[in-house]
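Below: one structure, written as structure tokens.
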Amino acid sequence: IGVTGVQTCALPILSGVLREVAAVDGGVAGMLFAHASAVEIISLAASTASELALAIPIATDDIVPLAFAACAAPDEAEHLPSVRGSDEPRLDGHVPFLVLGGCARRAVVAAARELGGGDFSYYLVDLTSPGVVRSPRVLTLGLQACSIVDVTLNDVPAHLIGKEGDGARLFGLMRERMS
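Just so we're aligned, residue 104 is where the sequence shown starts under my numbering, counting upward by one.
Shown next, in the form of structure tokens:
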């Protein structure tokens with residue numbers, strides 16, 4: 104699944120494929136779901152192909168796979184990473200259970216300006232940046248292939264995806280489309 108246009112894939116077909124793959128290997132299905140969810144968040148934030156190019160200022164080859172915290176809704180999280188700065192946002196905080204976080208170079212991360220809540224936004228984060236600390240793999244039953252880790256962000260540069268405070272809307276649309 105690549106990031107080549109606003110409509111990236113036929114989601115009903117992907118949902119069917121994921122259902123079949125999950126019956127055989129939940130880890131592979133989890134990896135595909137996490138990456139597809141991150142791509143969908145980016146795609147939904149852009150209403151045109153030119154906006155999509157601006158939304159992700161990196162080469163397509165550099166973005167696969169994308170890590171995403173696909174196991175919980177951001178608005179249900181106890182704490183989201185915090186954002187400071189507007190022209191060059193920086194993130195601080197903890198991202199638990201980041202699917203593909205152990206192997207991906209980039210992640211789509213939810214973060215909020217207010218500590219402990221408020222409206223959240225999505226950011227593209229380079230997981231090789233200074234200030235990113237990845238835990239050893241989180242051991243899970245049936246999801247070994249997902250390369251799940253917990254990530255701590257300390258003053259990490261990030262790129263806003265879409266509009267500030269639009270995270271809940273993007274997540275809702277993604278969840279609806281991916282169901």
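The beta carbon of each residue, even a glycine, is placed where N, CA and C say it ideally should be.
All figures in this text were calculated on a predicted structure; none of them were measured in a lab.
Q | Residue environment, E213, which counts as buried when at least 16 other CB atoms sit within 10 Å | A | As written in the sequence, residue 213 is Ala, which differs from the Glu given in the question. So A213 counts as buried.
Q: Measure the C-alpha to C-alpha separation of I264 and A149 and round it to an integer number of angstroms.
A: 9 Å
Q. In its own chain, which residues sit with a C-beta less than 7 Å from the C-beta of L273, not counting the 5 before and 5 after it?
A. I144, L147, A148, Y225 and G265
Q.
Can you confirm whether the segment 198 to 210 touches the segment 168 to 184 when touching is taken to mean that 3 or more C-beta pairs between the two stretches lie within less than 8 Å?
A. yes
Q: Write down every uninterrupted run of the beta strand (DSSP E) in the segment 251 to 276 whose length is 3 residues or greater and which is fully enclosed by it, in chain order.
A: 252 to 264
Q: For V124, collect the residues of the same chain with a Cβ closer than 8 Å to its Cβ; drop the 5 residues on either side in sequence, then sort them by chain order.
A: V131, A132 and L135
Q: Give the DSSP bridge partners of L196, in chain order.
A: For clarity, residue 196 is Gly in the given sequence; the question names Leu instead. DSSP lists L256 as partners of G196.
Q. Taking the C-alpha atoms as reference points, what is the distance between C249 and L242?
A. 10 Å
Q) Which residues in the same chain as A137 place their Cβ atom closer than 6 Å to its Cβ, once the five residues preceding and following it in sequence are excluded? A) F171, A173, V202 and L203
Q. Apart from the five residues just before and just after D229, which ones in its own chain have a Cβ nearer than 7 Å to its Cβ?
A. R208 and R209
Q. Can you name the start and end residues of the beta strand (DSSP E) that L169 belongs to?
A. L169 to F171
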